[in-house]
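> Residue numbers (mature numbering (1 follows the signal peptide of the UniProt record, and there is no 0)): -23 to -1, 1 to 726.
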């Protein structure tokens, strides 16, 4: 019987372990290399365009290369190169002198002038091409050209073109001359803007560009630019090719847009009707669409004064803010023109709390599980065994239902929007740089089914869904359950240690410092693996179910230890945050031979995540036991109560918002320290505002409809006419189903 209980607990534990990245939000799939001096690379010759006139004329005359493309593409290519050939011919043709042959001179000049006027639009096309800017040695690899000129040619009917970005990997010529291995090179990644025929497919345009520029095509995994290909020659090579999307929306995008507009129209219509006519009687599903009710409850700061662990909300909000700041310093890198300045900023010691940002995700795991398990234990305490069994089952179903209703509407909307609509929302030269829409379009079914992290980091879209499933606890079998939890706890430490030693993976995710060849094993075996990320989850679970009951009679001791304990916790957190910086800035030879550098790095990879969870949970317990001091008052601040409900939506929305802010700009950003900090704050604020809007217009109405409305029997007007005590009871009743912050309102004695 005990064996069956243990086996059942293990199975439930495996189900309850959260997927650390149901989609790869934290994966840095595109990190520009560190800038190097310009003379260290073999750049394409500028005079090459002048000497390719014969190739242009051959393509104008429908050369054999055009036989492999479609008829419409052939017509656009011939139009471009014929006009370019005629323009070059008009500029090269020398007319006889007016004194020697005036008639021939006039005829020649008129002919050249006619050719020039007819084909002078080619000068605009040439002017729209990307040119070498200043600041190459500081990382300005964006040779974007002029997006508006390409669009103007198409609007005026002169050339049916589309703006495209070609990314070239220019090999390191100095290292090649030194005879070093080709796969150890870090190339210069150039982004070149060019106006290309719109009727050509991507593979057709790629072949033509490679032919004209005499580039050798290579096969690489473009989903991860951290994997540098094996160079076969010293010539520059085109790695990626992306064009601006068509302005015509496809059917899935139109359908999604129509559904969203219809839903918003219905929400605003019901809200306005209830605003102007409060006594209007509406069907119960329509009452669920009232913005007045949902906004009031979404922004509510009132909570029971004796609600336990109010500091958890503050810790969650601070962790989420630091996590978004850490994301932002990676997202901004492909859009900077002075990437060298950003690398200097990330290498500084003061920036390490933002650089080592993956720890904050583990903190959210530990705090969320601790809060959920504590509420669940309180909700199932007391009563006879049969009643407790039914209560546990009812609690499990209720928690799963409310958790999914809280997250899935926003998650589905965000995934479908990124897959079908996001690429058509903006335009400009930088908009073509992002590829998250293409990856989401390929993988949206696996995203919706929450199984996308089973396919590896290169096949995932960048979203995070933190689903904390409730564990069916058995108070009568606490000892077998504790032993069952110890097995994955030990595995979550041994497994990362073994992987780090065998594959020489980095100790944690520090994108700008990582070895490019080790990122794949690190992401698939450690970063996205539930076994290696189960430590913080189990820490919160064990602390809520076994540690807290044994601390009920130690409140005075905890209150006395709070100042010293908080100081030690902050000190240990700083040690965990700065250790990777110390590991990478110190040479392996600086370590003692007794403790090799690789073992120390692997030890950090195995222990830092559960240790971070332990520190955060201990801090939450100390802050709850010492209410009234300055630090506890800050983390128990009432404004964190509504903000904590938006933590997971903010993490879902932060990356699309950041990408939209950067990619919608006309030119790359020239960052400074102050502008970088303000940009991070702007991303967080925009994410909070949009998360609040979606929560009140989509998530809460859907939760009300799915709940059937039976919990909300009284309208707002009825509440206003009741006495204060009855109104408080109804408000508390409504709060239980509208506000599903499980650790606040339901976790009461």
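Ideal Cβ positions, reconstructed from N, Cα and C, are used throughout, including at glycine.
1) Give me the residue from 134, 105, 129 with the minimum Cα distance to residue 123.
2) Quick check: the Cα distance between residue 484 and residue 48, rounded to an integer number of angstroms?
3) Checking 8 Å against the spacing of the C-beta atoms, do residue 117 and residue 53 come in under that value?
4) Please state the DSSP three-state secondary structure of residue 178.
5) Sort 477, 554, 91, 312 by Cα distance to residue 732 and report the nearest one.
6) Rounded C-beta distance between residue 119 and residue 186? I'm assuming under 8 Å.
7) Just tell me which of 467, 546, 375 has its CA closest to the CA of residue 515.
8) Could you tell me if residue 532 is buried or exposed, where buried requires 16 or more neighbouring beta carbons within 10 angstroms of its beta carbon?
9) Candidates 71, 90, 284: which alpha carbon is nearest residue 601's?
10) Hey, how far is the Cα of residue 166 from the Cα of residue 10?
11) Report the three-state DSSP secondary structure of residue 217 (helix, strand or coil).
12) Cα separation between residue -18 and residue 340?
13) Quick check on the burial criterion: 16 or more other C-beta atoms within 10 angstroms. Buried or exposed for residue 616?
14) Looking only at C-alpha atoms, which of 621, 98, 111, 112 sits nearest to residue 133?
15) For residue 598, count the other beta carbons within 10 Å of its own beta carbon; 16 or more makes it buried, fewer makes it exposed. Which is it?
16) Quick one: what does DSSP say residue 119 is sitting in, helix, strand or coil?
17) Report the three-state DSSP secondary structure of residue 145 (helix, strand or coil).
18) Within 10 angstroms of the Cβ of residue 643, are there 16 or more other Cβ atoms? Answer buried if so, exposed if not.
19) Can you give me the Cβ contacts of residue 521 inside the same chain, cut-off strictly under 6 Å, excluding the 5 residues immediately before and after it?
20) Should the region 574 to 593 be regarded as contacting the region 249 to 256, the criterion being three or more beta carbon pairs within less than 8 Å?
21) Under 8 Å, do residue 664 and residue 627 count as touching if we go by C-beta distance?
22) Out of curiosity, what's the CA-to-CA distance linking residue 314 and residue 80?
23) Could you give the first and the last residue of the continuous alpha helix (DSSP H) run that contains residue 608?
24) On a Cα-Cα basis, can you pick out the residue from 331, 109, 102, 63 that is closest to residue 89?
25) Cβ atoms of residue 384 and residue 421: under 8 Å apart, would you say?
26) In whole angstroms, what is the alpha-carbon distance linking residue 184 and residue 50?
27) What is the C-beta distance between residue 59 and residue 72, in whole angstroms, given that I count them as a contact (C-beta under 8 Å)?
28) Do you know offhand how far residue 208's Cα is from residue 145's?
29) How many angstroms separate the CA atom of residue 21 from the CA atom of residue 108?
30) Suppose the cutoff is 6 Å on Cβ atoms and the five residues either side in sequence are ignored; what does the same chain contact list for residue 397 look like?
31) Ordered along the chain, which non-local residues of its own chain (more than five positions away) have a Cβ less than 8 Å from that of residue 554?
32) How is the alpha helix (DSSP H) around residue 112 delimited, first residue to last?
33) Helix, strand or coil: how does DSSP classify residue 276 here?
34) Can you find the residues in the same chain that come closer than 8 Å, C-beta to C-beta, to residue 309, ignoring five residues on each side of it along the sequence?
35) Name the one or two DSSP bridge partners that residue 139 has.
36) Given this structure, state the Cα-to-Cα distance separating residue 452 from residue 255, to the nearest angstrom.
Here's the rundown:
1) Position 146 of the chain shown holds residue 123. Cα-wise, what sits closest to residue 123 is 105.
2) Position 507 of the chain shown, counted from the start, is the residue given in the question as residue 484. Position 71 of the chain shown, counted from the start, is the residue given in the question as residue 48. Approximately 54 Å, taken between the alpha carbons.
3) Residue 117 sits at position 140 when you count from the first residue of the chain shown. Residue 53 sits at position 76 when you count from the first residue of the chain shown. Contact: no.
4) Within the chain shown, the letter at position 201 stands for residue 178. Coil at residue 178, not helix or strand.
5) With the chain covering -23 to 726 only, the question about residue 732 has no answer from this structure.
6) For the purposes of this step, residue 119 is taken as residue 142 along the chain shown, with counting starting at 1. For the purposes of this step, residue 186 is taken as residue 209 along the chain shown, with counting starting at 1. Actually they are not in contact, since the Cβ atoms of residue 119 and residue 186 sit about 18 Å apart, beyond 8 Å.
7) Residue numbering aside, residue 515 sits at position 538 when the chain shown is read from its first letter. 467 is the residue among 467, 546, 375 whose C-alpha sits nearest the C-alpha of residue 515.
8) Here residue 532 corresponds to residue number 555 of the chain shown, with the count starting at 1. When all chains shown are included, residue 532 counts as exposed.
9) Start at 1 with the first residue of the chain shown, and residue 601 comes out as number 624. Nearest of 71, 90, 284 to residue 601, Cα basis: 284.
10) Mapped onto the chain shown, residue 166 falls at position 189. Mapped onto the chain shown, residue 10 falls at position 33. Spanning the two alpha carbons is a distance of roughly 7 Å.
11) Here residue 217 is taken as the residue at index 240 of the chain shown, counted from 1. In this structure, residue 217 counts as strand in the three-state DSSP scheme.
12) The residue you call residue -18 lines up with position 6 of the chain shown. The residue you call residue 340 lines up with position 363 of the chain shown. With a pLDDT of only 46 at residue -18, under 50, the local geometry of the prediction cannot be trusted, and the value read off the model is given with reservation. If you take the alpha carbons of residue -18 and residue 340, they lie about 28 Å apart.
13) Indexing the chain shown from 1 puts residue 616 at position 639. With fewer than 16 other Cβ atoms within 10 Å, it is exposed.
14) Against the chain shown, residue 133 aligns to sequence position 156. Among 621, 98, 111, 112, the Cα nearest to that of residue 133 belongs to 98.
15) Numbered from its first residue, the chain shown carries residue 598 at position 621. Classified as buried, residue 598 has 16 or more neighbouring CB atoms from the shown chains inside 10 Å of its CB.
16) In the chain shown, residue 119 corresponds to position 142, counting from 1. Strand, per DSSP.
17) Against the chain shown, residue 145 aligns to sequence position 168. Note: residue 145 maps to strand in three-state DSSP.
18) Start at 1 with the first residue of the chain shown, and residue 643 comes out as number 666. Its Cβ having fewer than 16 others within 10 Å, residue 643 is exposed.
19) Taking the first residue of the chain shown as position 1, residue 521 is located at position 544. Spatial neighbours of residue 521 in its own chain (CB-CB distance under 6 Å, excluding positions within 5 residues in sequence) are listed in chain order as 347, 350, 351.
20) no
21) Locating residue 664 in the chain shown gives position 687, counting from the first residue. Locating residue 627 in the chain shown gives position 650, counting from the first residue. Closer than 8 Å, so yes.
22) Taking the first residue of the chain shown as position 1, residue 314 is located at position 337. Taking the first residue of the chain shown as position 1, residue 80 is located at position 103. Cα to Cα, the separation comes out at about 55 Å.
23) Looking up residue 608 in the chain shown gives position 631. Run containing residue 608: 607 to 612, per the alpha helix (DSSP H) assignment.
24) Start at 1 with the first residue of the chain shown, and residue 89 comes out as number 112. Measuring from the Cα of residue 89, the nearest candidate turns out to be 63.
25) If you number the chain shown from 1, residue 421 lands on position 444. If you number the chain shown from 1, residue 384 lands on position 407. Against a cut-off of 8 Å, the Cβ pair of residue 384 and residue 421 comes out as no contact.
26) Position 207 of the chain shown holds residue 184. Position 73 of the chain shown holds residue 50. Those two C-alpha atoms are separated by around 12 Å.
27) On the chain shown, residue 59 is found 82 positions in, with the first residue counted as 1. On the chain shown, residue 72 is found 95 positions in, with the first residue counted as 1. With a Cβ gap of about 22 Å, residue 59 and residue 72 do not count as contacting.
28) Working through the chain shown from its first residue, we reach residue 208 at position 231. Working through the chain shown from its first residue, we reach residue 145 at position 168. Confidence is the limiting factor: at residue 208 the pLDDT is only 30, short of 50, which leaves the residue's position unreliable and the question unanswerable from this model.
29) As a position in the chain shown, residue 21 is number 44, starting the count at 1. As a position in the chain shown, residue 108 is number 131, starting the count at 1. Because the pLDDT of residue 21 is 47, which lies under 50, any placement of that residue in the model is unreliable, and the question is left without a value.
30) Translated into the one-based positions of the chain shown, residue 397 becomes position 420. Cβ neighbours of residue 397 beyond the five flanking positions: 229, 230, 233.
31) As a working note, residue 554 is residue 577 in the chain shown. Excluding the 5 residues flanking it on each side, residue 554 has same chain C-beta neighbours closer than 8 Å at 329, 330, 333, 336, in chain order.
32) One-based indexing of the chain shown puts residue 112 at position 135. No residue range can be given for residue 112, since it is assigned to no alpha helix (DSSP H) and is classified by DSSP as neither H nor E.
33) Taking the chain shown and counting its residues from 1, the one referred to as residue 276 is at position 299. Three-state result, residue 276: coil.
34) Counting from one through the chain shown, the residue named residue 309 turns up at place 332. Same-chain partners within the cutoff: 319, 635, 639, 646, 648, 653, 656.
35) In the chain shown, residue 139 corresponds to position 162, counting from 1. DSSP, once it has assigned bridges, lists 173 as partnering residue 139.
36) Taking the chain shown and counting its residues from 1, the one referred to as residue 452 is at position 475. Taking the chain shown and counting its residues from 1, the one referred to as residue 255 is at position 278. Low confidence applies to residue 452: its pLDDT is 49, below 50, so where it sits in the model is not reliable, and the reading given next is rough at best. Approximately 49 Å between the Cα atoms of the pair.
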